[in-house]
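In the UniProt record's numbering, the protein residues as written are 1 to 244.
Everything below concerns the one structure shown next.
Here it is in C-alpha cells:
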C-alpha cells in the first residue's frame, strides 16, 4: 500500500501557500507481508512425477465375491500407492460378499467404459465369479486390457470361471482354486501359488491372495516396492517366492 509522507518543512515558511508547496508526497516503503515466492521448479516437478507414477487399478466385484480376496487386493495395492477403483457389476454400488459382508463400491462398472487401467484384478468367490463372467461391460474392459498388453489378473475361481471362459488365458500356464483348476487347458502350473503367463497373472485362493497382491505390486512398480509394502505388514517369511 501507499502512505503519505511529508518532507521536513523549513520553519521560516510562514504562509499556508508556502507550507503546502513544500509538502511532497511519495510512496512509503511497503512494510507489509512480502509476496509469496513462486513455487520452486524442482518441487513442482517432483509433484508431477509422483502424479505420473500413480498406477490405475480396477478391482471389479459382484454379489458373492470372496471377502478376503476383494479387500486384500484393494488394501495392498493402495498401500503401494496405486489408484484403485472398486467397481460393482451389480445395478447399485452396494455389494454383498460371499460371507455376507456388505461393502459400498466406488463406481458402477458401466461408468468406467473407455477408461484405461494399468491392471485389472479379479477376486474369486461364488457366485461372485459368475457375476463377473456375465458382465458385458467388464468383458469389454478385459478384452481391451488383453489387446493392449496391459496386466490382467485373477484369483480363486475367476481364472477358470471368467478368464478361461472368455478365452483370455488360452493354452498358457495358469492356476486357480483346486475346485476350479481342472477346467484350465494347461495343467502344467496349477499347483503353483502365483503364475504369470505374459500379461496374465493368476493365483489359487484366499490363502494365496496376500502374496498374489504383492506380486501385482512388483509387476506394477518393482520388487523393491513390493518388499517395502510387505515389511510393515509383517508378512510371513517365504512370500518372496511369489516374485520368481
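Yeah, the Cβ is synthetic: ideal placement off N, Cα and C, and Gly gets one too.
DSSP three-state assignment for residue i, whether helix, strand or coil
i           : result
residue 241 : helix
residue 60  : strand
residue 184 : coil
residue 102 : strand
residue 201 : strand
residue 108 : strand
residue 190 : coil
residue 120 : strand
residue 273 : Outside the shown range of the chain, which is 1 to 244, sits residue 273, and nothing can be said about it.
residue 234 : coil
residue 226 : helix
residue 152 : strand
residue 94  : strand
Cutoff 8 Å; reference residue i; Cβ partners in own chain excluding five residues on either side
i           : result
residue 54  : 81, 82, 83
residue 29  : Unreliable positioning characterises residue 29 in this predicted model, as indicated by a pLDDT of 39, which lies under 50. A coordinate reading is not provided.
residue 110 : 137
Length of the line joining the Cα atoms of residue i and residue j
i           : j           : result
residue 108 : residue 90  : 7 Å
residue 200 : residue 154 : 8 Å
residue 196 : residue 113 : 26 Å
residue 93  : residue 104 : 5 Å
residue 72  : residue 206 : 9 Å
residue 198 : residue 143 : 15 Å
residue 74  : residue 87  : 11 Å
residue 79  : residue 229 : 7 Å
residue 208 : residue 135 : 25 Å
residue 106 : residue 133 : 20 Å
Chain-order list of residues whose beta-carbon lies under 6 Å from that of residue i (same chain, five-residue window excluded)
i           : result
residue 43  : Its pLDDT being 42, under 50, residue 43 is placed unreliably by the model, and nothing is read from it.
residue 226 : 214, 217, 218
residue 125 : 64, 65, 66, 98
residue 202 : 154, 159, 174, 175, 195
residue 235 : none
Beta-carbon proximity list for residue i, same chain, < 7 Å, skipping 5 on both sides
i           : result
residue 186 : 171, 172, 173, 174
residue 67  : 97, 98, 99, 101
residue 233 : none
residue 118 : 55, 56, 57, 150, 151, 220
residue 130 : 161
Distance between beta carbons of residue j and residue i, contact taken as under 8 Å
i           : j           : result
residue 146 : residue 138 : 12 Å between Cβ atoms; not a contact.
residue 128 : residue 61  : 7 Å
residue 121 : residue 59  : 5 Å
residue 123 : residue 188 : Not a contact, Cβ separation roughly 24 Å.
residue 204 : residue 116 : Going by Cβ atoms, the distance from residue 204 to residue 116 rounds to 29 Å, so no, they are not a contact pair.
*How do the region 163-172 and the region 208-216 stand: do at least 3 beta-carbon pairs fall below 8 Å, yes or no?*
no
*Do three or more CB pairs link the region 169-176 to the region 191-205 at distances below 8 Å?*
Segments in contact, yes.
*Mind the definition here: the region 92-107 touches the region 147-162 only if three or more C-beta pairs lie below 8 Å; say whether that holds.*
no
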